[in-house]
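The structure appears below as structure tokens.
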Amino acid sequence: MINCYAEVRNVQVKTNDTVEIKLVVDVDELAGQNEELMKLVGKEVSTTLESNQISYREKVDPETREPVLKYMVHKDGTVAMYSQEKLDLELEELPEEERSSVINKSEIDEYILACDSGPMTIPGGIFEGKEVLQKLSEGEELADLAKYYGTPLQEMQDTLDDYRKFVAPQAKAWQDWKNGTEQPSTNEQEDCEATGQESLNFDDEE
Numbered sequence: 011m012i013n014c015y016a017e018v019r020n021v022q023v024k025t026n027d028t029v030e031i032k033l034v035v036d037v038d039e040l041a042g043q044n045e046e047l048m049k050l051v052g053k054e055v056s057t058t059l060e061s062n063q064i065s066y067r068e069k070v071d072p073e074t075r076e077p078v079l080k081y082m083v084h085k086d087g088t089v090a091m092y093s094q095e096k097l098d099l100e101l102e103e104l105p106e107e108e109r110s111s112v113i114n115k116s117e118i119d120e121y122i123l124a125c126d127s128g129p130m131t132i133p134g135g136i137f138e139g140k141e142v143l144q145k146l147s148e149g150e151e152l153a154d155l156a157k158y159y160g161t162p163l164q165e166m167q168d169t170l171d172d173y174r175k176f177v178a179p180q181a182k183a184w185q186d187w188k189n190g191t192e193q194p195s196t197n198e199q200e201d202c203e204a205t206g207q208e209s210l211n212f213d214d215e216e
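With the sequence shown counted from 1, adding 10 to any position gets you this note's numbering.
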């Protein structure tokens, strides 16, 4: 079995009623799998193609166009959430707006496995997304996990994707921090607290 992330570069319908799909894979994705891949040349294989991107929505302040909830990463890699309260209470409260953002599923999974991403509340209980992803990374099949948790396979897949959307904003902040992209500094968080803004740890989020 070959496990990798690939880009669908081209899809072409051939005259012999077949479809040619061109996949482009980063060489690092195939590390240790090249020999097995070569054995598949000319063989029939089964495959599943699904998008590696997760689209999620964030509430934004209609005045500043900035997310209502922001995330900062401490030096130890932990992610904290803070929200900004309006300082002038005499201002009329404006309705919140939403915008869509996109992040790679693999980047979210990396964050979940590396950090304490916390559970997600679902009807009837909570969903431990990190536990599920850890089992998948160890080679277990999602179908087997669905049976173990007593959940239909499609529902299990949908819930896992919902969990990815749930932690996507934190994952984006963590990836920016890991890659050296500028993040809100500790001084900025202190300024928030000094001016009446609310600072919340992600672990306390409901």
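Cβ coordinates follow ideal geometry from the N, Cα and C atoms, glycine included.
So, with DSSP's three-state summary, where would you put residue 34? Here the question's residue 34 lines up with position 24 in the sequence shown. In the structure shown, residue 34 falls within a strand segment according to DSSP collapsed to helix, strand and coil.
Return the CA-CA distance between residue 75 and residue 148, expressed in angstroms with no decimal places. Translated into positions along the sequence shown, residue 75 becomes position 65. Translated into positions along the sequence shown, residue 148 becomes position 138. Cα to Cα, residue 75 sits roughly 41 Å from residue 148.
On the three-pair Cβ rule with 8 Å, is the segment 57 to 77 touching the segment 168 to 176? The segment 57 to 77, when compared against the segment 168 to 176, does touch it at the 8 Å Cβ threshold.
Buried or exposed: where does residue 116 fall if 16 or more other Cβ atoms within 10 Å of its Cβ makes it buried? The residue labelled residue 116 in the question sits at position 106 within the sequence shown. With fewer than 16 other Cβ atoms within 10 Å, it is exposed.
Closest to residue 140 by C-alpha separation, out of 122, 162 and 132, would be which residue? Translated into positions along the sequence shown, residue 140 becomes position 130. For residue 140, the closest C-alpha among the options 122, 162 and 132 is that of 122.
Any idea what DSSP makes of residue 51, helix, strand or coil? As a first step, residue 51 must be located in the sequence shown, where it is residue number 41. The three-state secondary structure of residue 51, taken from DSSP, is coil.
Would you mind working out which of 169, 48 and 157 sits nearest residue 131, comparing C-alpha positions? The residue given as residue 131 occupies position 121 in the sequence shown. Closest option to residue 131, Cα to Cα, is 169.
I'd like to confirm something about residue 17: is its beta-carbon nearer than 7 Å to some heavy atom of the ligand ZN, or not? Questions concerning the ligand ZN fall outside what the structure shown contains, since it holds no ligand whatsoever.
Based on DSSP bridge pairs, tell me the residues matched to residue 140. On the sequence shown, residue 140 is found 130 positions in, with the first residue counted as 1. Beta-bridge pairing links residue 140 to no other residue.
State the Cα-Cα distance for the pair residue 108 and residue 70, rounded to the nearest angstrom. The residue you call residue 108 lines up with position 98 of the sequence shown. The residue you call residue 70 lines up with position 60 of the sequence shown. Cα to Cα, the separation comes out at about 6 Å.
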